[in-house]
Structures are given as C-alpha cells and as structure tokens.
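Have a look at the structure below, then the notes.
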Amino acid sequence: MRGRLLPILVCLAGACLIGLLVYGVTTQGASRTLDQAVAKGQHPPAPQAGRTLPVLSGTAAGAGDSLAAYRGKVVVLNFWASWCVPCQTEAPLLEHAQSRLRAHDATVLGVTYLDASTDSKTFLREHHITYPNLRDTTGEFAHAYGTDQLPESFVIDRNGGVVAVSRGEIGQAFLDEAIKLAESTS
Amino acid sequence: MRLRAAASTLAALGMILALVTVLSPASGLAATARASLPAIERRVMCVTCKIPLIVAESPQADRERVFIRGLIAEGKTESEIESALVSQYGPTALGLPSAHGFDLTAYLVPLAAVVALIATLALLLPRWRRRTRVRPSSTPPPTLGAAEQARLDADLARFDR
C-alpha cells in the first residue's frame, strides 16, 4: 500500500494541475454576461458604476469621476485608446453624436484603457473631442465590461441599465439608437 | 571539530549571501543607479502586443520607449520609471500576475510544487539510503572453488616473495 501511495499522490497532483488549467482557461477570458443579458432583452445594471476613475478631460468633477455621477442621463460609454486605429475612425462620429445627445440630457463618456495620458490628450486635441473622458488606470473597470479589444461601446439608460453593446467599431446606426433612447425618455 | 566545520560553513554562506545582495539588480544600489532603456525594456511589457518590450516591434512599443526615454532623461530611477509605467498603462505593463483572485495561483502553484518536491525527497531519500546500505551485506561474498582458492594462494605467495 505504501509503495502505491507516491504514484497515487503524483496522479492526484497532476489531475489538480489540469483542473486548475481548465478552470483558468474557462473563467479568465473576457466575460460576455452583459451581451447575453442584453440579447435576452434585459437591462443589466452597468458594472462598477460607483468606481471612481481619474478624469482625463471634460468634467469639472475634480480628481475623479464615476459612471454613477451620470445617473439620470443616457450614456454612451466608449472604451478607447490613442493607439487604436478604429477608435480614430469612430471619434468624429461620437463627437457628432455628442452635440445631439447633449440636447436631450445625454452624453458620450469616453474611458481610456492601456493608454498614456499624454497620448490620450493628444488624441482628444487632434479629434476636437468635447465629451468627458476618464482613465481606467488598472484595467479593472474595462474588465468588468468584458472589454478585451478596443473600441467597445455600451449604451446605458437613465436608470443605469445597459441596453446595447458594441464590441468593435461603432456605426451611425448604433449611435442613432442611443439618440432615439435619449429623445424618447427625455 | 564538527562545531568548527559548521561555523566555517555558516561563514561561507554569509559571505555568499552578502555578495548576492550587493550584486543583485534588485538591491537598493541598483534601484538608485542610473536607469537604462534596455534594462527596463527587459522587465516591462508592450501593453498592446502582450510581449516583453525588448522584443516588441509596434507603434505602441515605440511610444512606450519614448515615454521611458523621457523619464530617463529626467533622471528617474528604474523603480520610479516602472511605477510611472504602471500609473499610465496599468499593472499589465509589468507583465506580473496580480496577487489576488485566480492570478494568485501563479505564485502559489510553484511554491506548492517546491514543497511537494521537498516532501517527496524527505520521504524517499531515507528509503533509498537504507536500500544502498543494506545491499552490500545482503549479497553473499563470492565463494571460490578449492582449485581456484589454491591458485589464488599460490599467486599471492609468489607476489609476497
């Protein structure tokens, strides 16, 4: 029995390692919980709305601001970075939408991710961006939205529920939906 | 005698430890030394390509290099530059797993493996040593036939002469 103990223990350790690997691969990927809930017609609460993020531009909230501060507004939450080429393409669309959203107590809220603040500010100047922008310095806010590629956008209703998700570059149709929501609920 | 041997071993270990501390790049001396781009490139990641900056070739990698060069020019130390990179790009810039959640396994699994290895050795070594000690006495000495014994005696007597 004692002679068999060691092979049994080695096999158990190997099985544990394989189990850990499988668990890691299945759970550590980007979460698609929001997408699934929205696809079912649900409006899941926007994750980490109360998390305070450093301000990059466009808000007078001081050193930090959070999504919760925009409760009561329709928000187009847009994750971007200056190095991301599709982000450059969609920036004029977002800025154009902002002028229409503002009129209905709604806003675009940009959140930079994996980007140096100096590069982000240069991007904002080059694209004449006027909507507020925050910095996700740890990546945890983006991770809560299942963001693993840029750009990604989420429409959040006045009650703080996510109503639309776009993984990748947005088109005018996505923004029109957000504007329609803002108009119908203002 | 044993005490003296133990003391000299301890002294030698102490000297090696002191040398390692002085020469280690993580020591205080190295941390305050002037930073160099290749040294930092080896320790940080290209945040978009997810590979060490030293081997990364992309516009973002070049931006990170410009950022690091700027801080080197300002006279910042390596640890200050690493902190600045983390504050700009997040903890992924260091390429180290975080110390919470599932990432903790990256630290715990190797530790557990070392403990398991030590436990296995502690379990097996005495057994192996017992076996090697027992083996010589358990095998009977080779016996010689009468003719061979006589020839051996004769050979030995010849050598003695």
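First to last, the protein sequences are chains V and X. Numbering of the first sequence is given in this note's numbering, commencing with residue 50 and proceeding in unit increments. Numbering of the second sequence is given in this note's numbering, commencing with residue 14 and proceeding in unit increments. Glycine residues also receive a C-beta, built at the ideal position from the N, C-alpha and C atoms. No experiment lies behind these values; they were computed from the predicted model shown.
Checklist line | Cβ contact check for the stretch 111 to 129 of chain X and the stretch 68 to 77 of chain V: 3 or more pairs under 8 Å | finding: yes
Check: For S131(V), which residues of its own chain have a beta-carbon under 6 Å away from its beta-carbon, when the five flanking residues on both sides are left out?
Finding: As a working mapping, residue 131(V) is identified with position 82 in the first sequence. The answer, listed in chain order, is D164, D168, S169 and F172.
Check: Measuring CB to CB, does L150(V) end up less than 9 Å from V123(V)?
Finding: As a working mapping, residue 150(V) is identified with position 101 in the first sequence. As a working mapping, residue 123(V) is identified with position 74 in the first sequence. Yes, they are a contact pair.
Notebook entry, point to check: Can you find a CB in chain X that lies within less than 9 Å of the CB of G68(V)?
Noted result: In the first sequence, residue 68(V) corresponds to position 19, counting from 1. Taking Cβ atoms only, chain X never reaches closer than 9 Å to G68(V), which makes this a no.
Notebook entry, point to check: For G217(V), which option in L224(V), Q198(V), E226(V) and I205(V) has the closest C-alpha, if you only look at C-alpha atoms?
Noted result: As a position in the first sequence, residue 217(V) is number 168, starting the count at 1. It is Q198(V).
Next item on the list: Show which residues of chain V have a CB atom less than 9 Å away from the CB atom of T145(X).
Entry: Residue numbering aside, residue 145(X) sits at position 132 when the second sequence is read from its first letter. Under the 9 Å cutoff, chain V gives no residues; its nearest Cβ is about 18 Å from T145(X).
Margin query: Looking at the secondary structure, which residues open and close the alpha helix (DSSP H) in which G159(V) lies?
Written below: The residue given as residue 159(V) occupies position 110 in the first sequence. Note, G159(V): premise wrong, no alpha helix (DSSP H); beta strand (DSSP E) at A155 to Y162.
Next item on the list: Closer than 7 Å, Cβ to Cβ, to anything on chain V: give me those residues from the stretch 103 to 114 of chain X, in chain order.
Entry: G103, P104 and T105
Margin query: Suppose contacts are defined by Cβ-Cβ distances below 9 Å. Is V211(V) in contact with N182(V) by that definition?
Written below: Within the first sequence, numbered from 1, the residue matching residue 211(V) stands at position 162. Within the first sequence, numbered from 1, the residue matching residue 182(V) stands at position 133. Not in contact: V211(V) and N182(V) (Cβ atoms no closer than 9 Å).
Check: For W132(V), which beta-bridge partners are listed by DSSP?
Finding: By one-based count along the first sequence, residue 132(V) stands at place 83. None, per the DSSP bridge assignment.
Next item on the list: Identify, in the order they occur along the chain, each residue of the same chain with its Cβ nearer than 6 Å to the Cβ of A231(V), setting aside the five sequence neighbours on each side.
Entry: Translated into positions along the first sequence, residue 231(V) becomes position 182. V123, L150, H153 and A155.
Checklist line | Spatial neighbours of R15(X) in its chain, beta-carbon cut-off 6 Å, leaving aside the 5 residues before and after | finding: As a position in the second sequence, residue 15(X) is number 2, starting the count at 1. Here R15(X) scores only 46 on pLDDT, less than 50, and its place in the model is too uncertain to base an answer on.
Notebook entry, point to check: Under 7 Å Cβ-Cβ, which residues of chain V neighbour A129(X)?
Noted result: Translated into the one-based positions of the second sequence, residue 129(X) becomes position 116. In chain order: A62.
Next item on the list: Hey, could you find the ends of the beta strand (DSSP E) A213(V) is sitting in?
Entry: Taking the first sequence and counting its residues from 1, one reaches residue 213(V) at position 164. Segment V211 to R216, the beta strand (DSSP E) holding A213(V).
Item checked: Segment contact, 8 Å Cβ cut-off, at least three pairs: the stretch 54 to 69 of chain V with the stretch 133 to 151 of chain V -> no
Check: Is it the case that the Cβ atoms of V125(V) and F203(V) are separated by a distance below 9 Å?
Finding: By 1-based counting over the first sequence, the position of residue 125(V) is 76. By 1-based counting over the first sequence, the position of residue 203(V) is 154. In contact: V125(V) and F203(V) (Cβ atoms closer than 9 Å).
Check: The beta strand (DSSP E) spanning V99(X) covers which residue range?
Finding: Counted from its first residue, the second sequence places residue 99(X) at position 86. Segment E91 to Y102 is the alpha helix (DSSP H) holding V99(X); no beta strand (DSSP E) there.
Check: Are any of the Cβ atoms in chain X nearer than 9 Å to that of G188(V)?
Finding: Residue 188(V) sits at position 139 when you count from the first residue of the first sequence. Closer than 9 Å to some Cβ of chain X, the Cβ of G188(V) qualifies, so yes.
Item checked: Cβ shell of A86(V) (< 7 Å), same chain only, five flanking positions each side left out -> Looking up residue 86(V) in the first sequence gives position 37. Here the set comprises P93.
Next item on the list: Determine the burial state of T196(V): buried for a count of at least 16 other Cβ atoms within 10 Å of its Cβ, exposed for fewer.
Entry: As a position in the first sequence, residue 196(V) is number 147, starting the count at 1. It is buried - the Cβ of T196(V) has at least 16 other Cβ atoms within 10 Å.
Check: For the stretch 60 to 81 of chain X, which residues have a CB atom closer than 9 Å to at least one CB atom of chain V, in sequence order?
Finding: V60, T61, S71, P72, Q73, R76, E77 and F80
Check: Does T82(V) get closer than 9 Å to chain X when you measure Cβ to Cβ?
Finding: Against the first sequence, residue 82(V) aligns to sequence position 33. So, not an interface residue.
Check: Just how far apart, CA to CA, sit A193(V) and L116(V)?
Finding: Along the first sequence, one-based indexing puts residue 193(V) at 144. Along the first sequence, one-based indexing puts residue 116(V) at 67. If you take the alpha carbons of A193(V) and L116(V), they lie about 13 Å apart.
Margin query: What does the Cβ neighbour count give for V60(X), buried or exposed, with the cut at 16 atoms within 10 Å?
Written below: Position 47 of the second sequence, counted from the start, is the residue given in the question as residue 60(X). Buried, since its Cβ has 16 or more Cβ neighbours within 10 Å.
Notebook entry, point to check: What are the residues that DSSP puts in a beta bridge with N182(V)?
Noted result: For the purposes of this step, residue 182(V) is taken as the residue at position 133 of the first sequence. In the DSSP output, where bridge partners are listed per residue, N182(V) has S106(V) and G159(V).
Check: Are N127(V) and V104(V) touching if we call contact CB-CB under 9 Å?
Finding: The sequence position of residue 127(V) within the first sequence is 78, counting from 1. The sequence position of residue 104(V) within the first sequence is 55, counting from 1. Contact flag unset, no.
Margin query: Is G73(V) close to chain C? Criterion is C-beta to C-beta, closer than 9 Å.
Written below: Checking the listed chains, one finds no chain C in this structure; the protein chains it contains are V and X.
Note to self: To be precise: take each residue of the stretch 152 to 167 of chain V, compare its Cβ to all Cβ atoms of chain X, and keep it if any distance is under 9 Å. Which residues remain?
What the structure shows: Y162, L163, D164, A165, S166 and T167
Check: How is D206(V) classed by DSSP in three states: helix, strand or coil?
Finding: Start at 1 with the first residue of the first sequence, and residue 206(V) comes out as number 157. Note: D206(V) maps to coil in three-state DSSP.
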